[in-house]
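The listed protein sequences derive, respectively, from chains A and B. Per this note's numbering: the first sequence = residues 1 to 354. Per this note's numbering: the second sequence = residues 1 to 603. Structure record follows, encoded as structure tokens.
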Amino acid sequence: MSDHKVKIKINGTEICCNRGDTILKAARMAGVRIPTLCHDDRLEPYGGCRLCSVEVKGVPRLLPACTTPVARKMEVITESETITRIRKRIVSLMLSNHPNDCMRCEKAGECALQDLAYQYGVDGSEYGGERWDLPIRQANPFIVYDPNKCVTCGRCIRICNEVVMAGTIDWVGRGFHTYPDTAFRKPRSLSNCEFCGQCVSTCPTGALIDKKGRGKGRVNELTRVKTTCGYCGTGCNFFLNVKDGKVVKVTSDYDAPVNHGNLCIKGRYGYEFIHSADRIKTPLIRRGDSFHEATWDEALDLIADKFTGLIKKYGNKSVGAFSSSRCTNEENFLIAKFARTVFRNNNVDNCARV
Amino acid sequence: MPKSKKTPAVTSEKPSLKDITIRICMGTGGLAAGSREVMDAFHSELRSRNLKAAIINKCVTKTGCRGFCAKDVLVDVIISNAKTTYQFVDPEKAARIVEEHIINGRPVEEWVVGPEYHAFHNSETKILLKQCGEIDPEDINAYIAIGGYRGLEKALSQTPFEVREEVKSSGLRGRGGAGFPTGLKWEFCSMSKVAIKYLICNADEGDPGAFMDRAVIEGNPHSVLEGMIIAGYAIGAKKGFIYIRAEYPLAIERLKIAINAAEQKGFIGKDIIGSGFDFDISIKQGAGAFVCGEETALIASIEGKRGMPRSKPPFPVSKGLWGKPTVVNNVETLATIPVIMSQGAKWYSSIGTEKSKGTKIFALTGNIKNTGLIEVPLGISLREIIYDIGGGCDKGRRFKAVLTGGPSGGCIPESHIDMPVDYESLSEIGSMMGSGGMVVMDETSCMVDMAKFFLSFTTNESCGKCLPCRLGNKRLYEILNRITQGQGKAGDIEFLLSLAEDIKISSLCGLGQTAPNPVLSTIRFFRDEYEAHIYEHRCPAGVCKAFRKYLIDPEVCKMCGKCFKACKSGAVAWEKKQPAVIYREKCVKCGACYDVCPFGAIT
Numbered sequence: 001m002s003d004h005k006v007k008i009k010i011n012g013t014e015i016c017c018n019r020g021d022t023i024l025k026a027a028r029m030a031g032v033r034i035p036t037l038c039h040d041d042r043l044e045p046y047g048g049c050r051l052c053s054v055e056v057k058g059v060p061r062l063l064p065a066c067t068t069p070v071a072r073k074m075e076v077i078t079e080s081e082t083i084t085r086i087r088k089r090i091v092s093l094m095l096s097n098h099p100n101d102c103m104r105c106e107k108a109g110e111c112a113l114q115d116l117a118y119q120y121g122v123d124g125s126e127y128g129g130e131r132w133d134l135p136i137r138q139a140n141p142f143i144v145y146d147p148n149k150c151v152t153c154g155r156c157i158r159i160c161n162e163v164v165m166a167g168t169i170d171w172v173g174r175g176f177h178t179y180p181d182t183a184f185r186k187p188r189s190l191s192n193c194e195f196c197g198q199c200v201s202t203c204p205t206g207a208l209i210d211k212k213g214r215g216k217g218r219v220n221e222l223t224r225v226k227t228t229c230g231y232c233g234t235g236c237n238f239f240l241n242v243k244d245g246k247v248v249k250v251t252s253d254y255d256a257p258v259n260h261g262n263l264c265i266k267g268r269y270g271y272e273f274i275h276s277a278d279r280i281k282t283p284l285i286r287r288g289d290s291f292h293e294a295t296w297d298e299a300l301d302l303i304a305d306k307f308t309g310l311i312k313k314y315g316n317k318s319v320g321a322f323s324s325s326r327c328t329n330e331e332n333f334l335i336a337k338f339a340r341t342v343f344r345n346n347n348v349d350n351c352a353r354v
Numbered sequence: 001m002p003k004s005k006k007t008p009a010v011t012s013e014k015p016s017l018k019d020i021t022i023r024i025c026m027g028t029g030g031l032a033a034g035s036r037e038v039m040d041a042f043h044s045e046l047r048s049r050n051l052k053a054a055i056i057n058k059c060v061t062k063t064g065c066r067g068f069c070a071k072d073v074l075v076d077v078i079i080s081n082a083k084t085t086y087q088f089v090d091p092e093k094a095a096r097i098v099e100e101h102i103i104n105g106r107p108v109e110e111w112v113v114g115p116e117y118h119a120f121h122n123s124e125t126k127i128l129l130k131q132c133g134e135i136d137p138e139d140i141n142a143y144i145a146i147g148g149y150r151g152l153e154k155a156l157s158q159t160p161f162e163v164r165e166e167v168k169s170s171g172l173r174g175r176g177g178a179g180f181p182t183g184l185k186w187e188f189c190s191m192s193k194v195a196i197k198y199l200i201c202n203a204d205e206g207d208p209g210a211f212m213d214r215a216v217i218e219g220n221p222h223s224v225l226e227g228m229i230i231a232g233y234a235i236g237a238k239k240g241f242i243y244i245r246a247e248y249p250l251a252i253e254r255l256k257i258a259i260n261a262a263e264q265k266g267f268i269g270k271d272i273i274g275s276g277f278d279f280d281i282s283i284k285q286g287a288g289a290f291v292c293g294e295e296t297a298l299i300a301s302i303e304g305k306r307g308m309p310r311s312k313p314p315f316p317v318s319k320g321l322w323g324k325p326t327v328v329n330n331v332e333t334l335a336t337i338p339v340i341m342s343q344g345a346k347w348y349s350s351i352g353t354e355k356s357k358g359t360k361i362f363a364l365t366g367n368i369k370n371t372g373l374i375e376v377p378l379g380i381s382l383r384e385i386i387y388d389i390g391g392g393c394d395k396g397r398r399f400k401a402v403l404t405g406g407p408s409g410g411c412i413p414e415s416h417i418d419m420p421v422d423y424e425s426l427s428e429i430g431s432m433m434g435s436g437g438m439v440v441m442d443e444t445s446c447m448v449d450m451a452k453f454f455l456s457f458t459t460n461e462s463c464g465k466c467l468p469c470r471l472g473n474k475r476l477y478e479i480l481n482r483i484t485q486g487q488g489k490a491g492d493i494e495f496l497l498s499l500a501e502d503i504k505i506s507s508l509c510g511l512g513q514t515a516p517n518p519v520l521s522t523i524r525f526f527r528d529e530y531e532a533h534i535y536e537h538r539c540p541a542g543v544c545k546a547f548r549k550y551l552i553d554p555e556v557c558k559m560c561g562k563c564f565k566a567c568k569s570g571a572v573a574w575e576k577k578q579p580a581v582i583y584r585e586k587c588v589k590c591g592a593c594y595d596v597c598p599f600g601a602i603t
């Protein structure tokens with residue numbers, strides 16, 4: 001066995017994994033499911049929610065699978081009476097400080113906390129005690145933040161700091177009163193927020209939701225259509241969430257090879273043009289001072305005529321192709337091909353050239 | 001050197017005065033009791049008697065804490081090596097001490113410390129605190145004169161491996177609380193092949209009532225620095241940090257003076273005493289978070305992040321400050337190192353028990369006669385600490401329990417008072433060594449209220465990262481609060497026990513894992529008190545106000561009306577020359593009337 005491989009046992013089955021892997025990663029590779037909440041593959045391991053706690057032989061406490069690296073001859077148990085008891089405890093404690101208003105919550109149906117409560121059959125009603133009663137933040141066009149629904153998994157904070165590198169939100173307060181917020185609890189619009197909505201995409205509960213999609217449809221009414229973002233050449237994938245033929249919001253595709261679910265403000269929130277009355281739907285030809293709607297045949301014929309005339313008069317080097325980064329790679333390839341084969345020159349450029 | 005700013009000594013008319021030393025406790029405890037004013041009084045008294053030149057520069061030295069803070073301000077007057085110690089000195093007393101004792105040679109007997117002062121000190125075994133209160137902490141020469149930095153010289157003449165082996169064989173265990181063998185920690189760190197390593201001195205002492213680290217730094221800062229340099233040499237670190245809470249301004253000041261002096265003498269910096277070993281020390285001030293005493297949170301804080309712990313493993317010895325191998329040692333641990341190096345591991349390991357070697361400083365507080373700092377060999381019984389050194393409970397009350405290990409420790413009842421104080425015995429009984437706070441409780445303490453008090457501290461200080469600590473301990477506190485408010489219900493005790501156990505095994509760091517200890521240990525030893533609160537609606541110690549039924553005894557009442565004015569709920573009726581009456585239905589049992597009554601008429 002090579003140096004960077006280690007053998008460990010998970011629930012009695014021996015598996016071979018990479019040195020430096022966490023127990024969670026090893027377990028997933030072995031097909032063993034461990035519940036998580038504060039874990040997101042895009043982020044550094046955190047170990048805050050303790051849901052992924054497992055037993056490791058020789059350790060008197062439970063260890064979080066998401067942060068604990070594997071070690072040689074480690075023996076891990078992922079399900080036991082104690083582990084189930086602790087997981088139930090954690091979920092019920094979370095619910096003890098949660099509005100539990102699933103009936104009208106935007107997140108219902110795709111909420112990790114709701115799923116966990118269902119799985120473990122708890123509601124947190126045994127504690128009573130104080131619950132947060134914090135003001136809802138929505139003084140911006142894109143993100144609604146209801147801290148009362150926050151389970152303090154810290155995913156929004158970490159994605160803002162580790163992936164976006166904006167550092168708009170971090171922990172405020174201590175103890176029971178710890179929750180994510182902007183510096184000095186300013187509105188997001190006054191902070192350095194980019195409104196990329198990455199925090200919304202990673203939030204497991206209804207604490208962070210898209211303002212524009214709010215109330216436009218429950219998850220089971222929406223059809224998810226996978227598409228590629230049209231704004232730039234990066235080629236991020238995401239899902240258009242469609243109800244009754246209308247796009248109501250954009251959600252992340254975590255398996256997308258290019259962007260792993262990450263998006264910027266344009267991709268996530270810039271979809272209103274789709275159903276805009278002002279949207280240009282046909283080619284426009286300028287006659288005099290104004291544009292006139294035309295068919296594609298008319299437009300393409302006009303372009304072909306002009307190009308042919310220019311090349312005849314000034315030579316083939318006198319024309320070129322300039323394409324847009326809003327086009328896909330395939331479209332950009334075609335315009336370059338067009339220049340080289342039809343114009344017979346190399347006059348090709350793109351606005352994304354830096 | 002700050003001392004050289006003052007007038008230099010010149011010859012006086014009374015040559016004998018050269019042999020006089022006045023030592024005044026200038027630790028934080030002493031300063032709070034007014035030692036600066038006392039010092040000024042001595043200065044002006046001596047000056048007014050024209051003794052200025054002979055005494056000020058040489059004799060009035062600043063000393064650190066000597067432990068027995070209950071008797072502050074303590075002043076030593078040493079004439080020709082004969083030492084007299086005065087207690088409760090205030091500026092008015094300085095004149096008579098100078099007049100009668102210094103000039104006429106007759107000590108003021110009525111202010112001299114009593115036998116309990118000597119009993120307090122004689123029962124101790126002082127290693128770390130030995131020099132505190134004896135030498136000037138701001139003078140490196142004073143430290144060198146008593147053998148300081150000789151441990152460093154010896155260490156540098158050996159290989160790092162030999163130093164580690166010496167510390168390993170001394171049996172020294174971490175004094176921060178967990179008791180991990182120091183030599184072993186150093187060995188783990190030194191095994192890493194990474195070139196850059198760090199050493200951190202954890203001086204973020206946060207337990208309520210605990211101040212041993214502060215005393216060591218204020219009284220003998222060079223011992224900590226010397227220990228750090230030796231530790232740095234042993235693990236291969238070139239950079240050391242002292243993480244100290246900003247609430248210790250005097251300790252920080254003295255550390256700065258000490259670091260400067262040690263740099264000038266060549267003990268810190270490049271090529272230390274010609275050994276080729278380089279070591280630097282920086283001070284990082286903590287911003288007041290209790291959890292930063294936890295090593296991974298402390299490291300995050302030094303890195304400039306919010307002080308939140310992270311899961312271990314990986315441990316700091318392999319991945320610590322800025323991802324580099326790091327050793328975090330407590331102040332007391334590091335201050336012990338020079339002694340081990342200079343006097344030998346064999347001598348050190350002769351003190352203490354088989355598994356817990358050496359001495360430990362405890363901060364003795366609570367309902368006890370002699371409060372203060374004590375240094376005792378490990379393995380000493382609680383009885384010796386509480387009765388022989390502490391002098392038993394104050395006001396002749398009966399001893400009930402002692403809480404060891406700070407707010408996350410456990411309450412140990414009278415039935416276990418003969419148990420030895422060592423790491424294993426304390427954790428067996430559900431408490432811990434912790435950093436060394438000892439809070440003594442007498443019969444007037446309610447154990448449910450105590451558990452609630454400590455939980456409120458840990459709940460407020462939780463960083464909020466892991467769920468069992470943030471919400472679990474909060475819920476524990478709320479249930480305890482309910483019980484003390486008279487709203488306990490059947491099943492509460494069992495619920496507390498199961499919740500506390502779950503928090504202990506699932507929390508991320510030491511704070512969360514140990515925070516339920518006061519609840520668990522008080523239920524274990526004082527379950528009857530919980531039951532009395534829940535089922536009989538009474539507080540046996542009479543502490544929880546919700547169970548009180550306030551009554552005014554008309555025979556005792558002097559009709560002053562203070563209770564009437566104090567009552568905010570209009571439950572007290574009173575007219576001039578009439579005894580006051582409390583209306584039960586309006587009373588909210590806040591106890592304000594009880595607190596203000598000067599005659600004890602309210603029960």
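The beta-carbon is built from N, C-alpha and C at its ideal position, and this holds for glycine as well. Small disclaimer: the values here were computed from a predicted structure and weren't measured.
### Chain-ordered chain A contacts of Ser506/B [CB-CB under 8 Å]
For the purposes of this step, residue 506/B is identified with residue 506 of the second sequence, where counting begins at 1. From the beta-carbon of Ser506/B, the residues of chain A found nearer than 8 Å are Arg50, Ser53, Arg61, Leu62, Ile86, Arg89, Ile90.
#### Entry: Supposed close pair Asn220/B, Ile135/B - CB separation, criterion 8 Å
In the second sequence, counting from the first residue as 1, residue 220/B sits at position 220. In the second sequence, counting from the first residue as 1, residue 135/B sits at position 135. The distance from the Cβ of Asn220/B to that of Ile135/B is about 7 Å, consistent with a contact at the 8 Å cut-off.
### Message
Short of 8 Å Cβ to Cβ, which residues in the segment 454–466 of chain B face chain A?
### Response
Look at the segment 454–466 of chain B: the residues with a C-beta under 8 Å from a C-beta of chain A are Thr459, Asn460, Glu461, Ser462, Cys463, Gly464, Lys465, Cys466.
### Query
Alpha carbon to alpha carbon, how far is Pro137/B from Met26/B?
Mapped onto the second sequence, residue 137/B falls at position 137. Mapped onto the second sequence, residue 26/B falls at position 26. Each residue's alpha carbon lies about 10 Å from the other.
### Query
Just checking my contact of Ile281/B with Ile242/B at CB under 8 Å: how many whole Å lie between their CB atoms?
Against the second sequence, residue 281/B aligns to sequence position 281. Against the second sequence, residue 242/B aligns to sequence position 242. Sure, about 6 Å apart at Cβ, within 8 Å.
### Task
Using beta-carbon positions only, say whether Asn330/B and Asn202/B come within less than 8 Å of one another.
Taking the first residue of the second sequence as 1, we reach residue 330/B at position 330. Taking the first residue of the second sequence as 1, we reach residue 202/B at position 202. In terms of Cβ geometry, Asn330/B and Asn202/B form a close pair [threshold 8 Å].
### Task
Return no unless some Cβ of chain B is closer than 8 Å to the Cβ of Met74/A.
Reading the first sequence from its first residue, position 74 is the one you call residue 74/A. So no, Met74/A is outside the interface.
### Message
Can you look up Pro2/B in the DSSP assignment and give me helix, strand or coil?
### Response
For the purposes of this step, residue 2/B is identified with residue 2 of the second sequence, where counting begins at 1. For Pro2/B, the predicted model reports a pLDDT of 42, less than 50, meaning its position is unreliable and no value from the coordinates is stated.
### Message
Can you look up Pro180/A in the DSSP assignment and give me helix, strand or coil?
### Response
Within the first sequence, numbered from 1, the residue matching residue 180/A stands at position 180. Note: Pro180/A maps to strand in three-state DSSP.
### Message
With H, G and I counted as helix, E and B as strand and the rest as coil, what does DSSP make of Asn220/A?
### Response
The residue you call residue 220/A lines up with position 220 of the first sequence. DSSP places Asn220/A in helix when its eight states are reduced to three.
### Task
Look at the alpha carbon of Ile361/B and the alpha carbon of Pro249/B, and state the distance between them as a whole number of angstroms.
To locate residue 361/B, count along the second sequence from 1; it is residue 361. To locate residue 249/B, count along the second sequence from 1; it is residue 249. Roughly 21 Å separates the two Cα atoms.
### Task
Evaluate contact between the segment 231–247 of chain B and the segment 352–369 of chain B, counting only Cβ atoms and requiring at least three cross-stretch pairs below 8 Å.
In short, these stretches do not touch, since the Cβ pair count stays below three.
### Query
So with Cβ pairs under 8 Å, would you call Phe176/A a contact of chain B?
As a first step, residue 176/A is located in the first sequence; it is residue number 176 there, counting from the start. At least one chain B Cβ lies under 8 Å of Phe176/A.
### Task
Go to Gln285/B, then tell me how far its alpha helix (DSSP H) extends in each direction, as first and last residue.
Position 285 of the second sequence, counted from the start, is the residue given in the question as residue 285/B. Element bounds for Gln285/B: not the alpha helix (DSSP H) but the beta strand (DSSP E), 280–286.
### Query
Since Cys16/A contacts Lys25/A with CB under 8 Å, what's their CB separation in whole angstroms?
What you label residue 16/A is simply residue 16 of the first sequence in a count that begins at 1. What you label residue 25/A is simply residue 25 of the first sequence in a count that begins at 1. That belief does not hold up - the Cβ atoms of Cys16/A and Lys25/A are roughly 13 Å apart, past 8 Å.
### Task
Grab me the residues of Arg538/B's own chain with a C-beta within less than 8 Å of its C-beta, minus the 5 sequence neighbours each way, in chain order.
Within the second sequence, numbered from 1, the residue matching residue 538/B stands at position 538. The residues are Ala532, Phe547.
### Query
According to DSSP, is Leu455/B helix, strand or coil?
Counted from its first residue, the second sequence places residue 455/B at position 455. Three-state result, Leu455/B: helix.
### Ile374/B - DSSP class collapsed to helix/strand/coil
Looking up residue 374/B in the second sequence gives position 374. Here Ile374/B sits in strand by DSSP.
### Task
For the segment 419–436 of chain B and the segment 367–385 of chain B, state whether three or more C-beta atom pairs, one from each stretch, are separated by less than 8 Å.
When C-beta atoms of the segment 419–436 of chain B are compared with those of the segment 367–385 of chain B, three or more pairs fall below 8 Å, so the two segments count as touching.
### Message
I need the DSSP call for Ser35/B, collapsed to helix, strand or coil.
### Response
On the second sequence, residue 35/B is found 35 positions in, with the first residue counted as 1. In the structure shown, Ser35/B sits in a helix (DSSP, three-state: H, G or I).
### Task
Note down, in chain order, every chain A residue with its Cβ under 8 Å from the Cβ of Arg475/B.
Taking the first residue of the second sequence as position 1, residue 475/B is located at position 475. In chain order: Leu93, Ser96, Tyr127, Gly129.
### Ser96/A, DSSP secondary structure in three states
Residue mapping note: residue 96/A aligns to position 96 of the first sequence, counting from 1. Correct three-state label for Ser96/A: helix.
### Task
May I ask you to report which of helix, strand or coil DSSP gives Glu191/B?
As a first step, residue 191/B is located in the second sequence; it is residue number 191 there, counting from the start. Note that residue 191/B is Met in the sequence shown, not Glu. Met191/B: helix per DSSP, three-state reduction.
### Query
Rounded to a whole number of angstroms, what is the C-alpha to C-alpha distance between Ile136/A and Asp41/A?
As a position in the first sequence, residue 136/A is number 136, starting the count at 1. As a position in the first sequence, residue 41/A is number 41, starting the count at 1. Just so you know, the alpha carbons of Ile136/A and Asp41/A end up roughly 28 Å apart.
### Nearest candidate by alpha-carbon position, reference Phe599/B, set Gly177/B, Pro554/B, Lys586/B, Glu332/B
Locating residue 599/B in the second sequence gives position 599, where the first residue counts as 1. Ranking Gly177/B, Pro554/B, Lys586/B, Glu332/B by Cα distance to Phe599/B puts Pro554/B first.
### Query
Is Met94/A buried or exposed, if buried means 16 or more other CB atoms sit within 10 Å of its CB?
Taking the first sequence and counting its residues from 1, the one referred to as residue 94/A is at position 94. Counting of Cβ neighbours within 10 angstroms places Met94/A among the buried residues, the total reaching 16 or more.
### Message
If contacts are defined as beta-carbon pairs under 8 Å, then Pro187/A and Ala117/A qualify, I think. What distance do you get, rounded to the angstrom?
### Response
Translated into positions along the first sequence, residue 187/A becomes position 187. Translated into positions along the first sequence, residue 117/A becomes position 117. Rounded to the nearest angstrom, the Cβ distance from Pro187/A to Ala117/A is 31 Å, too far for a contact under 8 Å.
### Task
May I have the straight-line CA-CA distance separating Ile252/B from Asp213/B, to the nearest angstrom?
Within the second sequence, the letter at position 252 stands for residue 252/B. Within the second sequence, the letter at position 213 stands for residue 213/B. Straight across, the Cα-Cα distance linking Ile252/B with Asp213/B is about 12 Å.
### Query
Glu106/A: buried (16+ other C-beta within 10 angstroms of its C-beta) or exposed?
The count along the first sequence starts at 1 and reaches residue 106/A at position 106. Result: buried.
### Query
For Ala345/B, which of helix, strand or coil comes out of DSSP?
In the second sequence, residue 345/B corresponds to position 345, counting from 1. DSSP, read as helix, strand or coil, puts Ala345/B in helix.
### Message
Applying the 10 Å Cβ sphere with the 16-neighbour rule, what's the burial state of Met191/B?
### Response
For the purposes of this step, residue 191/B is taken as residue 191 along the second sequence, with counting starting at 1. Under this definition Met191/B is an exposed residue.
### Task
Check each candidate in Ile22/B, Asp90/B, Asp76/B, Thr84/B and name the one with the smallest Cα separation from Ala32/B.
Locating residue 32/B in the second sequence gives position 32, counting from the first residue. Ala32/B has its Cα closest to that of Asp90/B, out of Ile22/B, Asp90/B, Asp76/B, Thr84/B.
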